[in-house]
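A short worksheet on the structure shown next.
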Amino acid sequence: MDRFVRVYSQGIVDAVEIWVDMETGVNYMWRKAANAGGLTPLLDENGNVVVTKGGDGRY
Numbered sequence: 001m002d003r004f005v006r007v008y009s010q011g012i013v014d015a016v017e018i019w020v021d022m023e024t025g026v027n028y029m030w031r032k033a034a035n036a037g038g039l040t041p042l043l044d045e046n047g048n049v050v051v052t053k054g055g056d057g058r059y
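Residue numbers for the sequence shown follow UniProt numbering, so the first one is 1 and each next one is one higher.
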């Protein structure tokens, strides 16, 4: 099983993707536009890192 799983994708050239670390549950937002891109932890409305709770008890 892959450590990082893409759970959301929007766009092609200018794209936003959400990735989940399957070991920790931390969500990351990947943004790319032409030749540039960036990765950052996804934050909720209170500035806390978004953590996905797994049903398999892994994170």
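No residue lacks a Cβ here, since even glycine has one placed at the ideal position from N, Cα and C. Here the structure is a predicted model, which means the values were calculated and not measured.
How big is the Cα-Cα spacing for residue i and residue j?
| i | j | result |
| --- | --- | --- |
| Gly25 | Ala36 | 26 Å |
| Lys53 | Val13 | 31 Å |
| Asn27 | Val49 | 7 Å |
| Asp44 | Gln10 | 19 Å |
| residue 148 | Glu23 | The chain is shown only over 1 to 59; residue 148 falls outside these bounds and no answer can be derived. |
| Ala33 | Arg3 | 25 Å |
From this set, the options, which residue's C-alpha is nearest residue i's C-alpha?
| i | options | result |
| --- | --- | --- |
| Thr40 | Val7, Glu23 and Ile18 | Ile18 |
| Val5 | Val16, Asp21, Gly11 and Ala15 | Asp21 |
| Leu42 | Asp2, Met1 and Tyr8 | Tyr8 |
| Gly38 | Asn46, Ala15, Val51 and Arg3 | Ala15 |
Enumerated in chain order, which unbroken segments of the beta strand (DSSP E) with a length of 3 residues or greater are wholly contained in the UniProt domain "DUF6440" (3-52)?
4-10, 14-21, 27-33 and 36-41
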